[in-house]
Each structure stands twice: as C-alpha cells, then as structure tokens.
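Position 329 of the sequence shown, counting from 1, maps to 329 under the UniProt record's numbering, and the rest follow consecutively. Even for Gly, the Cβ is constructed at its ideal location relative to N, Cα and C.
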Amino acid sequence: MASSVPSMMSDLERRFLFNIAKSYYSGAGLIVDAGIFLGASSACLGNGVKENPRVEEIAARWGRPIISLELGITNQQMLLSFKRHGIGLDLKAGDSFGPLIEAHIRDARHLIDLRLGDILETGRIGETPKDRRLPVEILFLDVLKASAISEFAAYEYLPRLIPKRSLVIQQDYLNGDLPFIHIHQEYFASKFEYVGEISSSAIFRLKHRITRDEVAALFAGPLDGEQEIALVSRAAQRSIDPYRRLIMSFAKLRVILNARGLDAAKQYLAFIESEYADQIAQQQLRRVQNVVRAARYLCEVGAGAENEREAVKISTGHRGADHRRTDLVA
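What follows is the structure, given as structure tokens:
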C-alpha cells in the first residue's frame, strides 16, 4: 500500500522508513513524522511498526505511537500532481486533502495520531502528568520549508531526543534550497553522529542530550555570517555523492552572497564550475543543470529576498530552461 502512495520520496527512502520502524524502533519514545503530504511516510512507518516484534508492548505504552503532521490544504501545484495520479479530482485549491491521507494510511491507522493543520499549532507533543517531556525516538522531518518551522521543530523535538538511540531523518538535507536546515542541524554537530544518506535524506543519530537552553542559544540572535558559511560548508561535505555536493553548493553560494557580497559569490561560483565540471557536463541531469542556472542567476542579479525566491524556483524546475537569465552557455 505504501509503495503506491504518490510521494517525492524514493523507493529507497520508503524501504528505509519501513525497516527502521520494523527492526530499529524500540518503543522507548514516539515517532514524529512531520510533513507527510499524502501519507506515504506514515504508511511506511505504520506498516513497519505493525511488523515490529514489540508491537503489542509499543501499542500498550503509547496507544498511537506515530504522530503524523500535515497542513493538508490543497494548492494549485498539488492539484496538478493529483491529476497526474488520478486522485482528488473533485478537489479545488484551498480544500482539505485529509480524506486522501486517511485512505493511504488506513492499514496502520490504529497506530497513527494524524494531526492536520499548521504545525505551529498542531505539532506540540505535550507533557506527562509529572511534567516530564515525552521522548521522541524517530524524527522524520519533511516539513522544514520555512525558518520559523525549523525553529519550532528544534524547540519542540530536539530536547526530547534520546541519547544513543534517537534518529533524525532530514528529508530535504541533501538539497540546496533551504540553507537554514543545514545551519540549524550543523549547529548541533557535536551532539550527533552522521549515519549516512539515502536519496535526498540525511540520517543523524543523537549522541548527547540537547537541552532547551542550548536550542535557545541558537535562536537568541542572528549567527555571524562567517559562522553560517562554516556550518553550511560542513553540511555540503556530508554527502559522498559529488552530484549531491554540487546541488548543496547552491545553499553555500546563497549564504556567501548574503555574508560576503556579490564578488565573493561569483568567486565561489567559479569554484563550483571548476570543481564539478564533469557533473555539470552531464546535460541529461536536469536537477544539476537547474542548480547551476540558479547559481548563475543569483550571481547576475545579486542578493535580495525576491531574487532568492526566483533562484529557488529555477533550482527546483519551476522556471523553464529558457528563462532569460538562466542560459547555461557561459
């Protein structure tokens, strides 16, 4: 069932979620699945827990151990995706697609606490009667599309992680469109060990407890630009795949542009084009080509929120190759 749910996740990511829920998850804490879209990740996790040897013990302790979070409101881009997959044909922009999620997770619905709405309102886990934080053993993050959401997730979930046990799966980590994800995760690099990568997901295991005060220190004020560059540089070297490192370099270029200015960004672009010349030459790799177009566009127009938004659209393919500022010919 989970393999048939439309999703941006790869088959490898789906199998990984199923397997950790089946064979790694101990029930020591909850599973938080933040940003489920049509429910593929929750279906994978739920079906995995169903086959977990400890499922009865887990259900007795937590009832529904998987907290699944999704805004669940249809937009125009989603409608196009739904049409391609032959689902939700009666929906309009602004409608809830909650019924589609319910259909996709029904096989494991008894294990899933589905919460639809703004994560800033629905994502709080709460406390025990003794005012102790409920622990989180597996944290799957595919919802960090804005810095404010990343900050919320850090405050709400990181202090709940269990040292030497909890996994954090950052589904957007090996992309270059959301540099704040790299900055926020790498700020706590000493607290985690890097487990590895699957498609665009990066997996971390907590080594040392993170306190709420330590989270507050990250968000107390804006980080120094050079510190941000160092953090995103560390993130860009996580991947063993040169294509992924190239894609992640877009995040670093954006941070350099804002911290050091246009000339420094152009110098870094020259490095990208030299360091990854072989990868860029593979014209059939559309994602790579889009990232390079986006980087060149920013180095032409300079810093600014609107320019960055346009660059991200180019990077993600929401602006065509014929965009007047995105020609790859030098």
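Return the CA-CA distance between P53 and Y25, expressed in angstroms with no decimal places.
Position 53 of the sequence shown holds residue 53. Position 25 of the sequence shown holds residue 25. If I take the Cα positions, the gap works out to 10 Å.
Quick one: give me the first and last residue of the beta strand (DSSP E) that L141 is part of.
Counting from 1 along the sequence shown, the entry for residue 141 is found at position 141. From DSSP, the beta strand (DSSP E) with L141 extends over V136 to L141.
Starting from Q283 and walking both ways along the beta strand (DSSP E), at which residues does that stretch end?
For the purposes of this step, residue 283 is taken as the residue at position 283 of the sequence shown. Here Q283 belongs to no beta strand (DSSP E), and DSSP marks it neither H nor E.
Does T74 pass the burial test, meaning 16 or more other C-beta atoms within 10 Å, or should it be called exposed?
One-based indexing of the sequence shown puts residue 74 at position 74. Burial call: buried.
Suppose contacts are defined by Cβ-Cβ distances below 8 Å. Is P242 in contact with Y276 by that definition?
For this step, residue 242 is matched to residue 242 along the sequence shown. For this step, residue 276 is matched to residue 276 along the sequence shown. Yes, these two residues count as a Cβ contact at 8 Å.
Do three or more CB pairs link the segment 174-182 to the segment 205-224 at distances below 8 Å?
no
Below 7 Å, is the gap between the Cβ of G123 and the nearest heavy atom of the ligand COA?
Judged by which ligands are present, the structure shown has none, so any question about the ligand COA falls away.
F97 (DSSP reduced to helix, strand or coil):
Start at 1 with the first residue of the sequence shown, and residue 97 comes out as number 97. Correct three-state label for F97: coil.
Is L178 near V32, with beta carbons less than 8 Å apart?
Residue numbering aside, residue 178 sits at position 178 when the sequence shown is read from its first letter. Residue numbering aside, residue 32 sits at position 32 when the sequence shown is read from its first letter. Taking 8 Å as the Cβ cut-off, L178 and V32 do not qualify as a contacting pair.
Across the segment 190-200 and the segment 256-269, are there enough close Cβ pairs to call them in contact, namely three or more that are closer than 8 Å?
No: fewer than three Cβ pairs fall under 8 Å.
To the nearest angstrom, report how far apart L134 and D278 are at their CA atoms.
Taking the first residue of the sequence shown as 1, we reach residue 134 at position 134. Taking the first residue of the sequence shown as 1, we reach residue 278 at position 278. Spanning the two alpha carbons is a distance of roughly 48 Å.
In this structure, how does DSSP classify Q170 when only helix, strand and coil are distinguished?
In the sequence shown, the residue the question calls residue 170 occupies position 170. Correct three-state label for Q170: strand.
Which partner residues of V255 appear in the DSSP bridge assignment?
Locating residue 255 in the sequence shown gives position 255, where the first residue counts as 1. V255 has no beta-bridge partner at all, per DSSP.
Going by DSSP in three states, I314 sits in which element: helix, strand or coil?
Locating residue 314 in the sequence shown gives position 314, counting from the first residue. If DSSP states are grouped into helix, strand and coil, I314 belongs with the helices.
Between the C-alpha atoms of C44 and H104, what's the straight-line distance to the nearest angstrom?
Taking the first residue of the sequence shown as position 1, residue 44 is located at position 44. Taking the first residue of the sequence shown as position 1, residue 104 is located at position 104. Their Cα atoms are separated by approximately 10 Å.
Are the CB atoms of L167 and I203 within a distance shorter than 8 Å?
Position 203 of the sequence shown, counted from the first residue, corresponds to residue 203. Position 167 of the sequence shown, counted from the first residue, corresponds to residue 167. Contact: yes.
Which residues in the same chain as L100 place their Cβ atom closer than 7 Å to its Cβ, once the five residues preceding and following it in sequence are excluded?
The residue labelled residue 100 in the question sits at position 100 within the sequence shown. Within the same chain, L100 has close Cβ partners L38, I87 and G88.
With a threshold of 16 other CB atoms inside 10 Å of the CB of K6, please say whether the residue is buried or exposed.
Indexing the sequence shown from 1 puts residue 6 at position 6. Looking at the sequence itself, residue 6 is Pro, so the reference to Lys does not match. Buried, since its Cβ has 16 or more Cβ neighbours within 10 Å.
Can you tell me which of V136, F16, L285 and I119 puts its alpha carbon nearest to the alpha carbon of G196?
Here residue 196 corresponds to residue number 196 of the sequence shown, with the count starting at 1. Of the candidates V136, F16, L285 and I119, F16 places its Cα closest to the Cα of G196.
Check for me: the beta strand (DSSP E) holding V195 runs from which residue to which?
For the purposes of this step, residue 195 is taken as residue 195 along the sequence shown, with counting starting at 1. Segment F192 to I198, the beta strand (DSSP E) holding V195.
How is the alpha helix (DSSP H) around D213 delimited, first residue to last?
Residue mapping note: residue 213 aligns to position 213 of the sequence shown, counting from 1. Element bounds for D213: R212 to F219.
Please state whether DSSP places R234 in a helix, a strand or coil.
Counting from 1 along the sequence shown, the entry for residue 234 is found at position 234. R234 falls in the helix class under three-state DSSP.
Ordered along the chain, which non-local residues of its own chain (more than five positions away) have a Cβ less than 8 Å from that of A40?
Position 40 of the sequence shown, counted from the first residue, corresponds to residue 40. These residues qualify, in order along the chain: A2, V5, P6, S7, M9, R14 and H104.
So the alpha helix (DSSP H) E151 belongs to, where does it begin and stop?
As a working mapping, residue 151 is identified with position 151 in the sequence shown. Per DSSP, E151 belongs to the alpha helix (DSSP H) from S147 to Y157.
Where L174 and L120 are concerned, what is the direct C-alpha to C-alpha distance, given to the nearest angstrom?
Here the question's residue 174 lines up with position 174 in the sequence shown. Here the question's residue 120 lines up with position 120 in the sequence shown. Cα to Cα, L174 sits roughly 24 Å from L120.
State the start and end residues of the unbroken beta strand (DSSP E) segment that holds A265.
Within the sequence shown, residue 265 is the residue found at index 265, counting from 1. From DSSP, A265 is part of no beta strand (DSSP E) but of the alpha helix (DSSP H) over L262 to E275.
Delimiting residues of the beta strand (DSSP E) encompassing S4:
Sequence index remark: in the sequence shown, residue 4 carries index 4 (1-based). No residue range can be given for S4, since it is assigned to no beta strand (DSSP E) and is classified by DSSP as neither H nor E.
Kindly list the residues whose CB is nearer than 8 Å to the CB of L285, restricted to its own chain and excluding five residues on each side of it in sequence; keep chain order.
Looking up residue 285 in the sequence shown gives position 285. The answer, listed in chain order, is Y243 and Q279.
Beta strand (DSSP E) containing E70: first to last residue?
On the sequence shown, residue 70 is found 70 positions in, with the first residue counted as 1. Counting along the chain, the beta strand (DSSP E) containing E70 begins and ends at I66 to E70.
Fully enclosed by the segment 18-73, which beta strand (DSSP E) runs are 3 residues long or longer?
Fully enclosed beta strand (DSSP E) runs of 3 or longer: 30-34 and 66-70.
Check each candidate in R109, G317 and F82 and name the one with the smallest Cα separation from S68.
Counted from its first residue, the sequence shown places residue 68 at position 68. Cα-wise, what sits closest to S68 is R109.
Limits of the alpha helix (DSSP H) - the one that I183 falls within
For the purposes of this step, residue 183 is taken as the residue at position 183 of the sequence shown. P179 to Y187 is the extent of the alpha helix (DSSP H) around I183.
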